[in-house]
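Comments concern the structure below.
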Amino acid sequence: MRRYVKRVNAFLLAPDNVQQRSIQKLRLQACGRSDFTDQWITEAIGRWGVEELELVIDNSSWRYDFRLLDGCKNVRLKRLVLSNCYHRFAPAPLTFQSLTSLTLCKESLRMLHVLDILGNCGQLVDLRLKDSGCRQPAFNIVIPNSQLKSLQLDNYNTVSVHLALVPCLETFACRGQPTIIRYGDVPRLRHVSLNFLQTGDNGKDDSSGSNRTYQLSKFFTGAPPSLEYLVLQLRGRQMWIEPTAIPVRLNHLNKLFIANVPMNWDTIWILCLVGAAPALESLHVHFDNNSEKASAAGSLDVQVEHHPYHHHLKELVVIGFNGAVWQTGFVKQIIQASPMLERAHLLDGHVVEDEDRELVGLEIVRRRREWHECERSEVLRVLADGISSPHLEIVLE
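Yeah, the sequence shown ends on 397 if you go by the UniProt record's numbering, and it's all consecutive.
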C-alpha cells in the first residue's frame, strides 16, 4: 500500500514546475482509506482537468467535500463514478452542476445523499445507482427541472420506485429483486427494461421465496407510460408471476422482448401481456434451455379464453425453440391470433446482455440445431395446419 500511495503521489501530486498535462479519464481504486485520498481527488479534478473520474474505495467508505473544487478554474468533470465514496456536507458543490453522467455504488447510495445530489445536477443526463448493501426505502424521484434522460437501478434493493416527475426521461432500467414500479409525469419515456430475479429470504435463487407472487400490473402502476420498447427478464426457480389479465393498456408499445423465460414456467402470462399491447409489431421470446425443464403440467396448456387478436403483429422470433409440444402450441396460438404476421422465426440459442448499447440491450447468440427431417416436417405441419395466410413465412433453424 505504501508503494501504491508513493506512485500515485508522484503522478497526481507533482510539483508546480512539472509541465501541465491533460487527463481525460482516471480510475482510482484504493483498498481502504489513505490520508492522501482528498488530495488525489482535488488534484485530479481541479488541477489536471479530469473529465471522467471513477473513484472506488474497497473495504471501507470515504467522505469527500466536493466544495473544495468550487474555487478551481480547470474543472472539466462531466462523468463521475463513486463507489463507497460520498459528498461530505449537505450544501451542493458547484462541480455537480456540470455533471452529465453520474454512477453511485454501495455506500455512495445513501438516500439523503442521492436526493441532495439529484436536486443540484441540472445538466445530468445519465444516472445509475448500483449495488445497494441494505434495503432502501421507496425511491420517489421528483426533479422537475432536470435534463435526466436515462435512469438505471442495478441491484438497488428498494421496495418500490415512483417516477413521479421526470419530464425528460426517455429510458429506464431496473434489475434485481422484483420491485413495484409506479409511473407519474414521464411524458418522454419510451424504453423500459426490467430484469427481476425472485430469490428466497437468504438472497439466493432457491425455492424459499416461491410463495411471494406478483401481478404483471405491479410493474405498470400509476399513469400508463407511452412505451414503445419493453424488455422483460423475469426469472426464478418457481413461477412467481400471476397469469392474470393486465388492466393497463400499453397502447403505444410496438416492440416487446421477453428473455430468459424458465422452461418450467407457464406461458399464459406472456399471452396476457401481448394482449395488453394492441399496437405490437415485433415480439421476441427467449426460453432458457439451461433452466429446469418444463413439467408435464407446467407449460403444456397455453389456451387463454377470449384471447384478443394481434392485428399489427408482423414479426415473431422465438429463441431456445426445441420443438417441444408446449412450445409449438405457444407459437401456433400466436400465429392463429395474428392475421398480419409476416414472419415466424424459430431458432435454438440464447441471449447475452450488451452493456455497450444504450441502457442494457440484449443480443441473440444463435446455435444451429440438427433437426431430423421427420421432426422438422412434423413441427412445420402442426404450425401450418389451419393457417391460410399466403404472406406468412415460417423459418425453423
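We put the beta carbon where it would ideally sit given N, CA and C, even for glycine.
Please read all numbers here as calculations on a predicted model, not as lab measurements.
> Going by other Cβ atoms of all chains shown within 10 Å of its Cβ, with 16 needed for buried, is Gly236 buried or exposed?
Replying inline: What you label residue 236 is simply residue 236 of the sequence shown in a count that begins at 1. Label assigned to Gly236: buried.
> Do you know how far the Cα of Glu52 is from the Cα of Leu80?
Replying inline: Mapped onto the sequence shown, residue 80 falls at position 80. Mapped onto the sequence shown, residue 52 falls at position 52. In a straight line, the C-alpha of Leu80 is about 6 angstroms away from that of Glu52.
> What did DSSP end up calling Cys134 once you bin it into helix, strand or coil?
Replying inline: Within the sequence shown, numbered from 1, the residue matching residue 134 stands at position 134. In the structure shown, Cys134 sits in coil (DSSP, three-state: anything other than H, G, I, E or B).
> Which whole-angstrom value describes the C-beta separation of His312 and Glu281, a residue pair presumed to lie in contact below a C-beta threshold of 8 angstroms?
Replying inline: Here residue 312 is taken as the residue at index 312 of the sequence shown, counted from 1. Here residue 281 is taken as the residue at index 281 of the sequence shown, counted from 1. Rounded, the Cβ-Cβ distance is 5 angstroms, consistent with contact.
> Is any heavy atom of the ligand GDP found at a distance shorter than 7 angstroms from the C-beta of Cys168?
Replying inline: The ligand GDP is absent from the structure shown, which contains no ligand whatsoever.
> What is the residue span of the alpha helix (DSSP H) that Tyr4 lies within?
Replying inline: By one-based count along the sequence shown, residue 4 stands at place 4. Residues Arg2 to Leu12.
> Are the segment 186–200 and the segment 133–143 in contact at 8 angstroms, needing three or more beta carbon pairs?
Replying inline: no
> In angstroms, rounded to a whole number, what distance separates the CA positions of Pro178 and Gln152?
Replying inline: Residue 178 sits at position 178 when you count from the first residue of the sequence shown. Residue 152 sits at position 152 when you count from the first residue of the sequence shown. So the alpha carbons of these two residues sit roughly 15 angstroms apart.
>> So, under 8 angstroms CB-CB, Phe172 and Leu165 are touching, yes? Tell me the CB distance rounded to an integer number of Å.
In response: Position 172 of the sequence shown, counted from the first residue, corresponds to residue 172. Position 165 of the sequence shown, counted from the first residue, corresponds to residue 165. 14 angstroms between Cβ atoms; not a contact.
> Over what stretch of residues does the alpha helix (DSSP H) that includes Trp62 continue unbroken?
Replying inline: Along the sequence shown, read from residue 1 onward, the residue named residue 62 stands at position 62. Unbroken run through Trp62 is the beta strand (DSSP E), Trp62 to Tyr64; no alpha helix (DSSP H).
> So who's on the other strand from Arg27, going by DSSP bridges?
Replying inline: Position 27 of the sequence shown, counted from the first residue, corresponds to residue 27. In the DSSP output, where bridge partners are listed per residue, Arg27 has Glu54.
>> Measuring straight from C-alpha to C-alpha, what distance separates Gly320 and Arg67?
In response: Against the sequence shown, residue 320 aligns to sequence position 320. Against the sequence shown, residue 67 aligns to sequence position 67. Going by the C-alpha atoms only, they are around 53 angstroms apart.
>> Could you compute how far the alpha carbon of Leu346 sits from the alpha carbon of Leu104?
In response: On the sequence shown, position 346 is the one that residue 346 refers to. On the sequence shown, position 104 is the one that residue 104 refers to. Computed Cα separation, rounded: 40 angstroms.
>> Please tell me whether Leu69 and Thr95 are closer than 8 angstroms, where the distance is taken between their beta carbons.
In response: Indexing the sequence shown from 1 puts residue 69 at position 69. Indexing the sequence shown from 1 puts residue 95 at position 95. In contact: Leu69 and Thr95 (Cβ atoms closer than 8 angstroms).
>> The beta strand (DSSP E) that contains residue 463, what's its start and end?
In response: Limits of the chain in this structure are 1 at one end and 397 at the other, which puts residue 463 out of reach.
>> Using beta carbons (cut-off 8 angstroms, strictly below), is Arg27 in contact with chain B?
In response: Included in the structure is just one protein chain, with no chain B present.
> Among Ala279, His286, Ala324 and Ile241, which one has its Cα closest to the Cα of Val261?
Replying inline: Within the sequence shown, residue 261 is the residue found at index 261, counting from 1. Nearest of Ala279, His286, Ala324 and Ile241 to Val261, Cα basis: His286.
> Over what stretch of residues does the beta strand (DSSP E) that includes Leu151 continue unbroken?
Replying inline: Your numbering for residue 151 matches position 151 in the sequence shown. Here the beta strand (DSSP E) through Leu151 covers Ser150 to Asp154.
> Considering only the beta carbon of each residue, do Ala344 and Val325 sit closer than 8 angstroms?
Replying inline: One-based indexing of the sequence shown puts residue 344 at position 344. One-based indexing of the sequence shown puts residue 325 at position 325. Not in contact: Ala344 and Val325 (Cβ atoms no closer than 8 angstroms).
> If you run the structure through DSSP and keep just helix, strand and coil, what is Cys174?
Replying inline: One-based indexing of the sequence shown puts residue 174 at position 174. Cys174: strand per DSSP, three-state reduction.
> Looking only at its own chain, which residues have a Cβ that is under 7 angstroms from the Cβ of Lys106, when we skip the five neighbours before and after it?
Replying inline: By one-based count along the sequence shown, residue 106 stands at place 106. Ser83, Asn84, Asp131 and Gly133.
>> Let me make sure I understand the geometry here. Which of Ser108, Val161 and Lys78 has the alpha-carbon closest to that of Gly122?
In response: Taking the first residue of the sequence shown as position 1, residue 122 is located at position 122. Checked all of Ser108, Val161 and Lys78; the closest Cα to Gly122 is Lys78.
> In this structure, what does DSSP give as the bridge partners for Phe257?
Replying inline: As a first step, residue 257 must be located in the sequence shown, where it is residue number 257. BP columns for Phe257 point to Val231 and His284.
> In whole angstroms, what is the alpha-carbon distance linking Pro181 and Val161?
Replying inline: Locating residue 181 in the sequence shown gives position 181, where the first residue counts as 1. Locating residue 161 in the sequence shown gives position 161, where the first residue counts as 1. The sequence shown places Ile at residue 181, rather than the Pro named in the question. When rounded, the distance between both Cα atoms is 5 angstroms.
> Relative to the C-alpha of Tyr229, which residue among Asn254, Leu13 and Glu315 is closest?
Replying inline: To locate residue 229, count along the sequence shown from 1; it is residue 229. Checking every option, the nearest Cα to that of Tyr229 belongs to Asn254.
> If Leu380 sits next to Ile394, beta carbons under 8 angstroms apart, how far is it from one beta carbon to the other, in whole angstroms?
Replying inline: Along the sequence shown, one-based indexing puts residue 380 at 380. Along the sequence shown, one-based indexing puts residue 394 at 394. With a Cβ gap of about 6 angstroms, Leu380 and Ile394 count as contacting.
> Can you name the residues that DSSP bridges to Val351?
Replying inline: The residue labelled residue 351 in the question sits at position 351 within the sequence shown. In DSSP, Val351 forms a bridge with Ile364.
>> In the DSSP assignment, the alpha helix (DSSP H) including Arg381 goes from what residue to what residue?
In response: Locating residue 381 in the sequence shown gives position 381, counting from the first residue. Where Arg381 is concerned, the enclosing alpha helix (DSSP H) stretches over Glu373 to Ala384.
>> Less than 8 angstroms between the beta carbons of Leu216 and Trp265, yes or no?
In response: In the sequence shown, residue 216 corresponds to position 216, counting from 1. In the sequence shown, residue 265 corresponds to position 265, counting from 1. Not in contact: Leu216 and Trp265 (Cβ atoms no closer than 8 angstroms).
>> Cutting at 6 angstroms between CB atoms, please list the residues of its own chain near Cys174, excluding the five before and the five after it.
In response: Within the sequence shown, numbered from 1, the residue matching residue 174 stands at position 174. Cβ within range, chain order: Leu153 and Leu194.
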